[in-house]
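Enquirer: Residue numbers (numbering that gives the first Met the number 0), protein chains in the order written: chain A, 0 to 217; chain B, 0 to 193; chain C, 0 to 212. Every residue, glycine too, gets a C-beta built ideally from N, C-alpha and C. If you're wondering where the values come from, they're calculated on a predicted model, not measured in any experiment.
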Amino acid sequence: MLAALAAGLLCAAIALIFFYAPVDADQGLSQKIFYFHVPIAFTAYACFGWGAWKALLVLWKRKPGADQESYVAIHQGVIFGALTLITGSIWAKISWGVWWTWSERQLVLFLVLFLFYCAYFMLRFSVEPGPQRENLCAVYALFGVVLIPVSFLAIRLAENFIHPTVFTSRGPQMATSQFATFCVALAAMIALAGTLYRVELLGKRLDARLRELRELLT
Amino acid sequence: MIRARRLGRTFGTKHVIRGLELDVPRGGFLLVTGPNGSGKTTLLRLVAGLLVPTAGELEVAVPRDRVGYLGHEPLVYRELTALENLDLYGRLYRVPERRERIGMLLERFGLWEARNQWADSFSRGMLQRLALCRTLLHDPDLLVLDEPFSALDEEGAALLDRQLAELRPRATFLLATHDPERVSPLAPDRLAFA
Amino acid sequence: MTAYLADVATLARKDLRLELRTRNTVPAMLLFVVAALVVFHFALPAGSSELAAKGLLWVAIVFTALLGLTRAFVAEREQRLIDGLLLAPCDRSAIWLAKSVAVLGFLVVAEVVALPAFALFFSGIDGATVAGVALADLGICAVGTVLAAMAVAGRARELLLPLLFLPLAIPVVVGGVGASVTGHPGRYLGFLALYDAVFAIISWASFEYVVTE
């Protein structure tokens, strides 16, 4: 169901991006990457947030499936985070001719978070599965969600002494057609993330079930 | 005192304990036997509160500070003296008349002369005796002992025998051992792990 | 409340006493921080600003702290001594607080040597920098202690702790460098205080879960 919705939204979004939204005066066709980059970024945040919520359930309510859901959400978040960095890098190349710039706050924030959540996987796979691993991952996920605003503040403060920004990014002042396209793209990305989340979760649960059955038989 | 229903504990994918039912009344003495790796230590750690169950329920009707646990490790700091180690635990357990009680226990287990030596310099037998002092320091109501006789020489084992007999009427016991005959005079119930 | 603080004092005293006797950690931290500063001298080409050196001071501090943190729970885990503390009726968060205080003590000792060394090798240290160091230390030790306990629960513990710690140390470095280098240290010191408060609270609350098996 969700998959169909996601597919539909994605097609709609792509159509809108390329045919409906006006071509940008300065950057031309390549500005369209914006419609991918920002929704992907939002989606990544949403995944991390969802992962943190599930982590809270692990610690607070001790819900049995919550650890796995938290893990899958963060996994999705990292995937979308990587995509954010890639699309951001492409956008930087298009806009300013460099593959990376420290003046894009969002991008820098994402880099920090990307490092943080990659370490999540290192943590997860270095501890044996069990109640302790669930707890550790949940605590770490919650630290992550607190780190997001703190890092953002840090990056803003850092701009004052890191070499002055040469590039300024215009926050998109969007015309309605652009905004509509943006919203559809956002919805599409979230639906995509949701679908992938469901699929991965289902896969993991099937794996676990199979393992259980195999054990019962031996 | 101790109640387990469908108790289970896994480590990774290994089920070490599965579907265990247990009832130990106040003042009871449960002897746990079984080969290495069968889950004895896991059960004792669960009862002591060092592990949480992954399935089922476990109820231990005493608060943490009334439980005395002796595991495979003596749980003493090597670079502290015997006296300092017991003082540390005495403070954490808020033992009343701490100094007197520590002195009494050290003497009872024959460690008084060594009280100002670092635990580092103790033999295995002495460490085990020190661990016993630590376990009994706060006069626990529930004693969880994992192979307490291991590493003890004849004299140490005799001391422990005497202690157990003395405490038998006042406490509840959960004891794992490879030498069940040693404790049979204390009329234990038995639980065998496969 | 007093019982809680008494427990913290007992445990912190234990850690400090152990360090005094074994001298495992602090000498290594001292040597490391001075060696790092010397390496930085060679790493800064001529014409680098004085400010660049100030920035590197913070790198030295973060990595020295890592050294201390890596050792924080090693004994507890290797000899399962943590069991002794978990059996005791004290609050689990008291273990965290005591350990943080101990690591803070070690870090401060290292800095008492590092800051004068820095002044000697590079340039003077002003009040804002010292205040920054003090505030940064609190945050580093609070967060680092929880992460050290996490790292020690798995395999490859010495490798894991830096990976867990460095992203969380980035805001601290920003705060510290900002305080040392810019004309408005107040803003950065305030930020460090915010970091400390926020992360101390979640570290305090979450430690119990980190040590539960």
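Can you name the start and end residues of the beta strand (DSSP E) that B/E56 belongs to?
Expert: That run of the beta strand (DSSP E) goes 54-59.
Enquirer: Who pairs with B/R8 in a beta bridge, going by DSSP?
Expert: B/I16.
Enquirer: Does any residue of chain C have a CB that is nearer than 9 Å to the CB of B/R98?
Expert: Chain C contact via Cβ: absent.
Enquirer: From this set, C/L10, C/V100, C/T144, C/G175, which residue's C-alpha is nearest C/L193's C-alpha?
Expert: When only C-alpha atoms are compared, the closest one is C/G175.
Enquirer: Check whether the Cβ atoms of A/V111 and C/I169 sit closer than 9 Å, and answer yes or no.
Expert: Cβ atoms of A/V111 and C/I169: closer than 9 Å.
Enquirer: Using DSSP with H/G/I as helix, E/B as strand and the rest coil, what is B/L49?
Expert: B/L49 falls in the coil class under three-state DSSP.
Enquirer: Kindly confirm or deny that the region 145-160 of chain B and the region 200-210 of chain A touch, where touching means at least three C-beta pairs closer than 8 Å.
Expert: Not touching, per the Cβ criterion.
Enquirer: Should C/A74 be flagged as near chain F, meaning a C-beta pair shorter than 9 Å?
Expert: The displayed structure is made up of protein chains A, B and C, and chain F is not among them.
Enquirer: If we count Cβ pairs, one from each stretch, closer than 8 Å, do we get three or more for the region 38-45 of chain B versus the region 68-75 of chain B?
Expert: Touching, yes, given that three or more Cβ pairs across the two stretches are closer than 8 Å.
Enquirer: Which residues in chain B sit within 9 Å of A/P128, going by Cβ to Cβ distance?
Expert: Residues of chain B passing the Cβ test: T9, F10, G11, T12.
Enquirer: Consider the Cβ of C/G83: report whether some Cβ of chain B lies at a distance smaller than 9 Å.
Expert: Output row for C/G83: interface = yes.
Enquirer: If B/F28 and B/A193 are in contact, beta carbons under 8 Å, what's the gap, nearest whole angstrom?
Expert: No, B/F28 and B/A193 are not in contact; Cβ-Cβ is about 21 Å, not under 8 Å.
Enquirer: Between the alpha carbons of A/A157 and A/L108, how many angstroms are there, rounded?
Expert: About 12 Å.
Enquirer: If contact is defined by three or more beta carbon pairs under 8 Å, each pair taking one atom from either stretch, is the region 2-17 of chain C in contact with the region 174-182 of chain B?
Expert: With the cut-off at 8 Å, the region 174-182 of chain B and the region 2-17 of chain C do not touch.
Enquirer: Check the Cβ of C/E212 against every Cβ in chain A and list those closer than 8 Å, keeping chain order.
Expert: Under the 8 Å cutoff, chain A gives G129, P130, Q131.
Enquirer: Anything in chain C within Cβ reach of B/V51, meaning under 9 Å, just list it in chain order.
Expert: Chain C residues near B/V51: T211, E212.
Enquirer: If we count Cβ pairs, one from each stretch, closer than 8 Å, do we get three or more for the region 122-134 of chain C versus the region 84-100 of chain C?
Expert: Flag = no, the region 122-134 of chain C and the region 84-100 of chain C do not touch.
Enquirer: May I ask you to report which of helix, strand or coil DSSP gives C/P169?
Expert: Residue identity differs from the one stated: residue 169 of chain C is Ile in this sequence, not Pro. It is helical.
Enquirer: Between the Cα of C/L55 and the Cα atoms of C/G67, C/V37, C/M149, C/D136, which residue gives the shortest distance?
Expert: Among C/G67, C/V37, C/M149, C/D136, the Cα nearest to that of C/L55 is on C/V37.
Enquirer: Using 9 Å as the threshold, is the C-beta distance between C/A150 and C/L165 below it?
Expert: Result no, Cβ atoms of C/A150 and C/L165 do not sit closer than 9 Å.
Enquirer: Residues bridged to B/A3 by DSSP?
Expert: In DSSP, B/A3 forms a bridge with B/L21, B/L57.
Enquirer: So is A/A137 in contact with chain C if we call contact Cβ pairs under 9 Å?
Expert: A/A137 counts as touching chain C.
Enquirer: Is the number of C-beta pairs between the region 80-99 of chain B and the region 113-128 of chain B that are closer than 8 Å three or more?
Expert: In short, these stretches touch, since the Cβ pair count reaches three.
Enquirer: Can you grab the Cα-Cα spacing for the pair C/V173 / C/T24, in whole Å?
Expert: Their Cα atoms are separated by approximately 27 Å.
Enquirer: So is B/D145 in contact with chain C if we call contact Cβ pairs under 9 Å?
Expert: B/D145 does not count as touching chain C.
Enquirer: Could you work out which residue in A/F160, A/A184, A/A187 is closest to C/T181 when comparing CA atoms only?
Expert: It is A/F160 whose Cα lies nearest to the Cα of C/T181.
Enquirer: Counting Cβ pairs, one atom from each stretch, are 3 or more of them under 8 Å apart for the region 70-82 of chain C and the region 189-208 of chain C?
Expert: No, the region 70-82 of chain C is not in contact with the region 189-208 of chain C.
Enquirer: Would A/S150 count as contacting chain C if we go by Cβ distances under 9 Å?
Expert: Output row for A/S150: interface = yes.
Enquirer: Using only the alpha-carbon positions, how far apart do A/Q179 and A/F120 sit?
Expert: Looking at the sequence provided, one finds Ala at residue 179 of chain A rather than Gln. Going by the C-alpha atoms only, they are around 36 Å apart.
Enquirer: Return helix, strand or coil for B/F172, following the three-state DSSP convention.
Expert: B/F172: strand per DSSP, three-state reduction.
Enquirer: If you compare alpha carbons, which of A/L135, A/Q105, A/G96, A/R104 is closest to A/A118?
Expert: For the residues A/L135, A/Q105, A/G96, A/R104, the minimum Cα distance to A/A118 belongs to A/L135.
Enquirer: State the DSSP-derived secondary structure class of B/Y68, mapped to helix, strand or coil.
Expert: B/Y68 falls in the strand class under three-state DSSP.
Enquirer: What does the alpha-carbon distance come out to for the pair C/G126 and C/R16?
Expert: Near 31 Å, if we compare the C-alpha coordinates of C/R16 and C/G126.
Enquirer: Along chain C, which residues have their Cβ under 7 Å away from the Cβ of B/V78?
Expert: It is worth fixing the name first, because residue 78 of chain B is Glu in this sequence and not Val. Residues of chain C passing the Cβ test: L17, R20, T21.
Enquirer: Does the beta-carbon of C/P115 have 16 or more other beta-carbons within 10 angstroms, so that it is buried, or is it exposed?
Expert: It counts as exposed.
Enquirer: At the level of alpha carbons, what is the spacing between C/A147 and B/A164?
Expert: Each residue's Cα considered, the two are about 43 Å apart.
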